[in-house]
DNA sequence: AGCGGGACCTGTGGGC
DNA sequence: TGCCCACAGGTCCCGC
């Protein structure tokens, strides 16, 4: 499922496909997947994609007025400067040749023009949980999810990040696993990388946040960064639906130590991994190695 | 305030 | 073969 490494991989593979292209027309097939605060997606028409980045699990298409459309004022309040896309569980972004008909699960098509001819950016999403949000920076600030999003796990040294988490969470009795899944604590972590990093750090997912000492937070952040970097290097994890913008699967699922391995032997001690529920989520851990 | 649990959505797969 | 249900997942919303 698209978490930080998968979204990062989508961004890297999507960028060369859409950079500098103009959005000629938007065909919204499932209006319920547009955020209620979003500008109408038709306001994207005539805008040029000038950069593709990531914030947490969000893909961000940065937009500007193309030289060929000078009549569009960049600073107008109703002209989006960003299109944020949340893939949730089954969302996909990829381009196809002009004229490709929508798929069964296509939710929005963006018809693009470029110097090497037209193409179509598909937003497909089987479970229709994904989200599209066309916004100005000011409008994005009205989105609680955006405004409250925590720090990027890979953009600070582990020691600094760990100290930050310690200071913010040392009174919280919430389970460690639930804290890692909370996007206002850290941006981009989901079920897979929460379980994997807790195993690598040797920490019990059920422990209250308040029970961790500073070095444990720092150890957890170091483990998290190692897991995320390794996964990005392997183009993320493909459990079932995930594909990058080229339609390719990731490889990190072959490196899972715990995720999806309940009942199988722990890679460290050989005892069976335990499957349980923490914060309403399936959680796999090793009771012998994680304390 | 902080937590747990249901709703949202659809396809898959196990059990009978 | 076919039906039913649990399950997967991230976030929002509600109630305790």
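Numbering (this note's numbering), first residue to last: 1 to 291.
Positions of the beta carbon are idealized from the N, C-alpha and C atoms, including for glycine.
Because the structure is a prediction, the values reported are computed rather than measured.
- Going by DSSP, residue 119 is part of the beta strand (DSSP E) stretching over 119-125.
- Sequence-distant Cβ neighbours of residue 91 in its own chain, meaning closer than 6 Å and more than five residues away, are 125, 130.
- Judged by beta-carbon spacing, residue 149 lies beyond the 9 Å limit of residue 245, meaning their Cβ atoms are not closer than that value.
- Closest by C-alpha distance to residue 8, out of 28, 21, 55, 22, is 55.
- A straight line joining the alpha-carbon of residue 273 with that of residue 89 spans about 25 Å.
- Annotation: residue 102 is outside any alpha helix (DSSP H) and is labelled neither H nor E by DSSP.
- For the pair residue 138 and residue 41, the CB atoms are not nearer than the 9 Å cut-off.
- When only Cα atoms are considered, residue 234 and residue 27 end up about 33 Å apart.
- Taking the Cβ atoms as the reference, residue 39 lies roughly 11 Å from residue 63, outside the contact range of under 8 Å.
- Take residue 51, set aside five residues on each side of it, and the residues of its chain with a beta-carbon closer than 7 Å to its own are 62, in chain order.
- The straight-line gap separating the alpha-carbon atoms of residue 179 and residue 287 is approximately 19 Å.
- The segment 262-273 makes no contact with the segment 171-191, as fewer than three CB pairs between them are under 8 Å.
- The C-beta separation of residue 112 from residue 24 comes to about 7 Å, placing the pair in contact by the 8 Å criterion.
- Boundaries of the alpha helix (DSSP H) around residue 164: 158-169.
- Unbroken beta strand (DSSP E) runs of no fewer than 3 residues, entirely contained in the segment 1-35, are found at 22-28, following chain order.
- Residue 48 carries a strand assignment under DSSP once its states are collapsed to helix, strand and coil.
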